[in-house]
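In the UniProt record's numbering, the protein residues as written are 1 to 281. Beta carbons: idealized from backbone N, C-alpha and C, even for Gly. I have placed the structure first, in the form of structure tokens, so that the comments after it can refer back to it.
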Amino acid sequence: MSVVSSVLVPYASYLRVYEPLAAFPEGERAHWARYAARDRMPTAQDELRRSLADLVATPPAGVPAHESADAFVAEVDGVVCVCPWRTRLRGWLALDGLAELFPGPVLDAVLPPVVRGQALADHERWAERNPDARPWIRTAVWQVPVRWFVLFADEEREHVVAGPDGEPPVFRYRTPMVEARRRLARSLRTLRETMDEGPLTAGLVDIGRWLEEFHPRSLVELDYGGLVHALPERELSVDRSAADVAEGIAALRAGDAERAAEAYARLAERWRAVRDRQFAN
Numbered sequence: 001m002s003v004v005s006s007v008l009v010p011y012a013s014y015l016r017v018y019e020p021l022a023a024f025p026e027g028e029r030a031h032w033a034r035y036a037a038r039d040r041m042p043t044a045q046d047e048l049r050r051s052l053a054d055l056v057a058t059p060p061a062g063v064p065a066h067e068s069a070d071a072f073v074a075e076v077d078g079v080v081c082v083c084p085w086r087t088r089l090r091g092w093l094a095l096d097g098l099a100e101l102f103p104g105p106v107l108d109a110v111l112p113p114v115v116r117g118q119a120l121a122d123h124e125r126w127a128e129r130n131p132d133a134r135p136w137i138r139t140a141v142w143q144v145p146v147r148w149f150v151l152f153a154d155e156e157r158e159h160v161v162a163g164p165d166g167e168p169p170v171f172r173y174r175t176p177m178v179e180a181r182r183r184l185a186r187s188l189r190t191l192r193e194t195m196d197e198g199p200l201t202a203g204l205v206d207i208g209r210w211l212e213e214f215h216p217r218s219l220v221e222l223d224y225g226g227l228v229h230a231l232p233e234r235e236l237s238v239d240r241s242a243a244d245v246a247e248g249i250a251a252l253r254a255g256d257a258e259r260a261a262e263a264y265a266r267l268a269e270r271w272r273a274v275r276d277r278q279f280a281n
């Protein structure tokens, strides 16, 4: 286990929602209030290391046997907000997309069919008892989906370089839920008025439905997560992806197709270069 715990597990980004304690049922609210008072909070790397430990077990555990009781914690205007990990639920949901990420023989070697089948059966039984369950965290590998940037403004960008004592670099955006919903609704309206329905429109609709599940005073966060370990500091320092998306949407709204195309080209080139690193040796 000590070997696993020393490994940085990078190359994933996250879209998270932090809800105020008042959004949770009384029993769960008490748990999170005690949890938020702890001296040390686990990090995203802690969560990923635990998942990696499950995969190197024999036989591998594709999904944790029990739901996580951990969360990320943030304070917003003096109000404690938490983002539950819900690692087991997210593991079940991630299983659906594994076939698109790995060739069959590789997937079978990492997670044998019998392990995946048991996990899916467990999820079906659990979902029958919890039909309204949803994750507080969405994950993307080797990219940040363009639709995520729609929720944020460039001035909400936070970039902290690695510290001299080993503090990890940070690159994230944070915004109040009301702003995220407003920007999404306005962008979706612009896209529908100026373009045919496509993947970006469908993706925004999906995110909008997800955001509506949460308390209106929540905090929404886009975290580059492990991608900061794959990207040179000089690239992060000039990354203005949210600004490029906002400029593209504004240009479409103004009928300036050329400026919209230029903004999209900058964005596409930046993230194409990131995805290409997935296949580098």
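Where residue i falls: helix, strand or coil (DSSP)
{"i": "Ser-241", "result": "helix"}
{"i": "Ser-187", "result": "helix"}
{"i": "Val-220", "result": "strand"}
{"i": "Pro-105", "result": "helix"}
{"i": "Val-141", "result": "strand"}
{"i": "Glu-100", "result": "helix"}
{"i": "Phe-72", "result": "strand"}
{"i": "Val-3", "result": "With a pLDDT of 37 at Val-3, under the threshold of 50, the predicted position of this residue should be treated as unreliable, and no value is reported."}
{"i": "Ala-12", "result": "strand"}
{"i": "Val-146", "result": "helix"}
{"i": "Arg-86", "result": "coil"}
{"i": "His-229", "result": "helix"}
{"i": "Arg-134", "result": "coil"}
{"i": "Val-63", "result": "coil"}
{"i": "Glu-179", "result": "helix"}
{"i": "Glu-235", "result": "helix"}
{"i": "Glu-193", "result": "helix"}
{"i": "Glu-247", "result": "helix"}
CB-CB length for residue i against residue j, believed under 8 Å
{"i": "Ser-68", "j": "Trp-92", "result": "13 Å between Cβ atoms; not a contact."}
{"i": "Arg-90", "j": "Ile-137", "result": "6 Å"}
{"i": "Trp-271", "j": "Gln-143", "result": "6 Å"}
{"i": "Ala-263", "j": "Ala-254", "result": "No, Ala-263 and Ala-254 are not in contact; Cβ-Cβ is about 12 Å, not under 8 Å."}
{"i": "Asp-154", "j": "Tyr-14", "result": "19 Å between Cβ atoms; not a contact."}
{"i": "Val-146", "j": "Leu-200", "result": "6 Å"}
{"i": "Gly-248", "j": "Ala-260", "result": "5 Å"}
{"i": "Met-177", "j": "Pro-232", "result": "Not quite, the Cβ-Cβ distance comes to about 33 Å (not below 8 Å), so this is no contact."}
Start-to-end residues for the beta strand (DSSP E) that takes in residue i
{"i": "Thr-175", "result": "170-176"}
{"i": "Glu-158", "result": "157-160"}
Of the residues the options, the one placed nearest residue i, counting alpha carbons only
{"i": "Asp-276", "options": "Val-141, Leu-98, Leu-21 and Asp-122", "result": "Val-141"}
{"i": "Val-160", "options": "Arg-138, Gly-225 and Val-115", "result": "Gly-225"}
{"i": "Ala-230", "options": "Glu-262, Val-170 and Glu-221", "result": "Val-170"}
{"i": "Ala-157", "options": "Arg-134, Val-220, Gly-27 and Asp-77", "result": "Sequence inspection shows Arg at residue 157; the Ala mentioned does not correspond to that position. Nearest C-alpha to Arg-157: Val-220."}
{"i": "Ala-162", "options": "Arg-125, Glu-100 and Arg-234", "result": "Arg-234"}
{"i": "Arg-38", "options": "Pro-216, Asp-244 and Phe-72", "result": "Phe-72"}
{"i": "Ala-74", "options": "Glu-212, Glu-26, Pro-20 and Val-205", "result": "Pro-20"}
{"i": "Trp-210", "options": "Asp-96, Arg-129 and Trp-148", "result": "Trp-148"}
{"i": "Arg-266", "options": "Asp-239, Ala-257, Asn-130 and Pro-176", "result": "Asp-239"}
{"i": "Asp-46", "options": "Asp-132, Arg-272 and Pro-168", "result": "Pro-168"}
{"i": "Asp-206", "options": "Pro-176, Leu-151 and Gln-278", "result": "Leu-151"}
{"i": "Cys-81", "options": "Ala-185, Pro-103, Thr-190 and Ala-23", "result": "Ala-23"}
{"i": "Pro-112", "options": "Ala-127, Asp-154, Leu-95 and Pro-25", "result": "Leu-95"}
{"i": "Gly-109", "options": "Gly-208, Met-195 and Gly-62", "result": "Residue identity differs from the one stated: residue 109 is Ala in this sequence, not Gly. Closest option to Ala-109, Cα to Cα, is Gly-62."}
{"i": "Val-79", "options": "Met-41, Ala-36, Arg-16 and Leu-188", "result": "Ala-36"}
Extent of the continuous alpha helix (DSSP H) run through residue i
{"i": "Thr-43", "result": "Per DSSP, Thr-43 belongs to no alpha helix (DSSP H) and is neither H nor E."}
{"i": "residue 305", "result": "With the chain covering only 1 through 281, there is no way to say anything about residue 305."}
{"i": "Glu-269", "result": "257-276"}
{"i": "His-123", "result": "113-129"}
{"i": "Glu-28", "result": "26-36"}
Residue i Cβ short of 8 Å to the ligand GTP heavy atom set
{"i": "Arg-38", "result": "In the structure shown, the ligand GTP is absent, as is every other ligand, since no ligand is present at all."}
Interface flag, residue i vs chain D, CB-CB below 9 Å
{"i": "His-66", "result": "The structure shown contains no chain D; it holds only a single protein chain."}
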